[in-house]
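Student: In full-length UniProt numbering, the protein residues as written are 1 to 355.
By construction, the Cβ of each residue, glycine as well, lies at the ideal position given by its N, Cα and C atoms.
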Amino acid sequence: MLFDESNGSILPKHTSLPELQKDEILVKNKYTTLCGSDLHTFTGRRKEPSPIVLGHEIVGEIMELPHNESLYDLNGNILKVGDLITWTIFAATETDDFVKDKMPQKSASLFKYGHVQFTEKEKFNGGLGTHCILKKGTGILKVPATINEKFAPIINCAGATAMAAHRLIYNIENKNVLILGAGVLGLIAAAIAKEKKASTVTMLDIDDQRLEKSKAFGVDSVYNSLKPIEELTAITSGFYKKGFDVIIDMSGSVEAIKTGLQFSAVGAQHIWIGAVTPTENIEINPEVMIRKLLSIKGMHNYNYEDFVNAVSFFENHFLDYPFETFIEKEFGLNETKEAFEYAIKHKPYRVLITI
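1. In this structure, does DSSP put H131 in helix, strand or coil?
2. Ends of the beta strand (DSSP E) at S109?
3. Could you spell out the range, first to last residue, of the alpha helix (DSSP H) harbouring L261?
4. Can you say whether D208 is buried or exposed, counting buried as having 16 or more other CB atoms within 10 angstroms of its CB?
5. What is the C-beta distance between S251 and G181, in whole angstroms, given that I count them as a contact (C-beta under 8 Å)?
6. Where residue 377 and A165 are concerned, what is the direct C-alpha to C-alpha distance, given to the nearest angstrom?
7. Below 6 Å CB to CB, which residues in the same chain sit around I261 once its five sequence neighbours on both sides are set aside?
8. For L116, tell me which candidate among H56, Y304, V288, L26 has the shortest Cα-Cα distance.
9. On the DSSP bridge list, what partners appear for Y223?
10. Excluding the 5 residues preceding and the 5 following residue 419 in the sequence, name in chain order all residues of the same chain whose CB lies nearer than 8 Å to its CB.
11. Buried or exposed: where does T119 fall if 16 or more other Cβ atoms within 10 Å of its Cβ makes it buried?
12. Helix, strand or coil for V177? Go by DSSP, reduced to three states.
13. For my contact list, L141 and D73 are in at a C-beta cut-off of 8 Å; report their separation, rounded to the angstrom.
14. Taking the C-alpha atoms as reference points, what is the distance between V27 and I58?
15. Write down every uninterrupted run of the beta strand (DSSP E) in the region 279 to 329 whose length is 3 residues or greater and which is fully enclosed by it, in chain order.
16. Only counting the same chain, and skipping five residues up and downstream in sequence, which positions put a Cβ closer than 6 Å to that of A152?
17. Verify whether the separation of the beta carbon atoms of residue 359 and I62 is less than 7 Å.
18. Nearest CA to the CA of P12: which residue from K123, L79, E24?
19. For I271, collect the residues of the same chain with a Cβ closer than 6 Å to its Cβ; drop the 5 residues on either side in sequence, then sort them by chain order.
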C-alpha cells in the first residue's frame, strides 16, 4: 500500500518479489500496527520520501533464508522457515563506529524499515505490504509463545524505546517516578518502572480516561495537567525530597516537560523521548541545574540491547498488565487508508493491520 505525499493517497501497488541478495531474509508480513510517526507522515507533520510503504511495527513469518548459511536471532537461536519474528526498525553495518558505541540507530549506514522511498530496487521494506526483505544488520527475535502475536508489533518500536529510556536511568529502585504522557510509550514505561521496584509512579496527561487506565499499568497517582498545579504539589508533598527523582517524558509536550523540571527533586534524572518533531526551545537555568544536581538525557529509538530486553520483558510480564487492550481496532491491508483515518479521528492506542 503506497502512500503518496503529493495527494495524500494510499493505494495498492502490485509488483513482483525480487531475488534475495546475500544475507537477506524474506518475510511474509502478518501484522502491522500504526505508530504515531506513521500518523504524522500521513498528516504531513513529518516528512518522509514519497511514494513510500509505511509501517515499521511489524510481525511476520520467515518465508525464505539464504542458502547454505545459518542465521541466528539476537538470542542465538537459529532461524528457520516458518518462524514468527519481529525485528528492529533499523539495519546497520556492524563495522560502523556508532554500532560499536551501542548507538546503531545513528549509524551512517542506517536503513529504516517503513522510512525508505519505494523504487524498483527498494520495494518490500515496510509493514504495509505483503512482504518485507530483511537486510544484514537487522536485529531479529522470535516472538515468544507467551506474547499475543497481534500485540507483538508494538514491541519493536514503543516497547524497545521505553526500555531504552529505562537503560539511561541510574538506579530507579525506591525512587519516585513521574511519567509525562499516558500513551502506549508512557504505559509501558510505567509497567517497567513498577517491575524495577520504583517506590511510586505518577502519570501526567490531559486525558482523564487515559489517566484512569494507567492505574492498571502500575501507576500509583495521576495528575491531569489541565487542573490546578496544587494537585501535583499534593502528591510530591509526601515525598522526602518534595519532588520526583526520575522524570520520563513520552509526550513531547513543552508544557509537560516544563512541569517535570519544576517538580524535580534534588538529583533528579530527566529522560526525554517524546519530542521527535520540531518544537520550541525550553529555558533551563544553569544555576538551578548545578545546585539541584539535575541531569537531562535524550533518547531517540533504541539499540539492539534494548530490543532484546523489551522482548524479554513482555515474555515475562505480558499477562501481568492489560497490554492486549492497546489494540483497539483491526483492519485488513486493503483498508489501510480507513485505518489511518480512524486512528487520526479516534486517537486509539493502536490500530492493527492484518495482512
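Tutor: Looking at the atomic coordinates:
1. Counting from one through the sequence shown, the residue named residue 131 turns up at place 131. Residue state, collapsed to three classes: strand.
2. As a working mapping, residue 109 is identified with position 109 in the sequence shown. Looking at the DSSP string, S109 is not in any beta strand (DSSP E), and its letter there is neither H nor E.
3. Counted from its first residue, the sequence shown places residue 261 at position 261. Element bounds for L261: 254 to 262.
4. Working through the sequence shown from its first residue, we reach residue 208 at position 208. It is exposed - the Cβ of D208 has fewer than 16 other Cβ atoms within 10 Å.
5. Within the sequence shown, numbered from 1, the residue matching residue 251 stands at position 251. Within the sequence shown, numbered from 1, the residue matching residue 181 stands at position 181. That pair is a contact at about 3 Å.
6. The chain is shown only over 1 to 355; residue 377 falls outside these bounds and no answer can be derived.
7. Residue mapping note: residue 261 aligns to position 261 of the sequence shown, counting from 1. Sequence check: residue 261 is Leu here, not Ile. When the five nearest sequence neighbours on each side are left out, no beta carbon in the same chain lies closer than 6 Å to the beta carbon of L261.
8. Against the sequence shown, residue 116 aligns to sequence position 116. This sequence places Val at residue 116; Leu is not what is there. Of H56, Y304, V288, L26, the residue nearest in Cα terms is H56.
9. If you number the sequence shown from 1, residue 223 lands on position 223. Answer by DSSP bridge pairing, in chain order: L204.
10. As shown, the chain starts at 1 and ends at 355. That puts residue 419 outside it, with no answer to give.
11. Your numbering for residue 119 matches position 119 in the sequence shown. Answer is exposed; the Cβ neighbour count stays below 16.
12. Residue numbering aside, residue 177 sits at position 177 when the sequence shown is read from its first letter. In the structure shown, the three-state DSSP call for V177 is strand.
13. Taking the sequence shown and counting its residues from 1, one reaches residue 141 at position 141. Taking the sequence shown and counting its residues from 1, one reaches residue 73 at position 73. Contact between L141 and D73 holds: CB atoms are separated by about 5 Å, below the 8 Å threshold.
14. Residue mapping note: residue 27 aligns to position 27 of the sequence shown, counting from 1. Residue mapping note: residue 58 aligns to position 58 of the sequence shown, counting from 1. Roughly 10 Å between the two C-alpha positions.
15. Taken in chain order, the complete beta strand (DSSP E) segments of 3 residues or longer contained in the region 279 to 329 are 295 to 298.
16. As a first step, residue 152 is located in the sequence shown; it is residue number 152 there, counting from the start. Excluding sequence positions up to five before and after A152, its CB lies within less than 6 Å of the CB of V59, T86, V143, all in the same chain and listed in chain order.
17. Missing from the structure shown is residue 359; the chain here goes from 1 to 355 and no further.
18. To locate residue 12, count along the sequence shown from 1; it is residue 12. Among K123, L79, E24, the Cα nearest to that of P12 is on K123.
19. As a first step, residue 271 must be located in the sequence shown, where it is residue number 271. If we look at I271 and ignore the five residues flanking it on each side, its Cβ neighbours are A165, L168, I248, K297.
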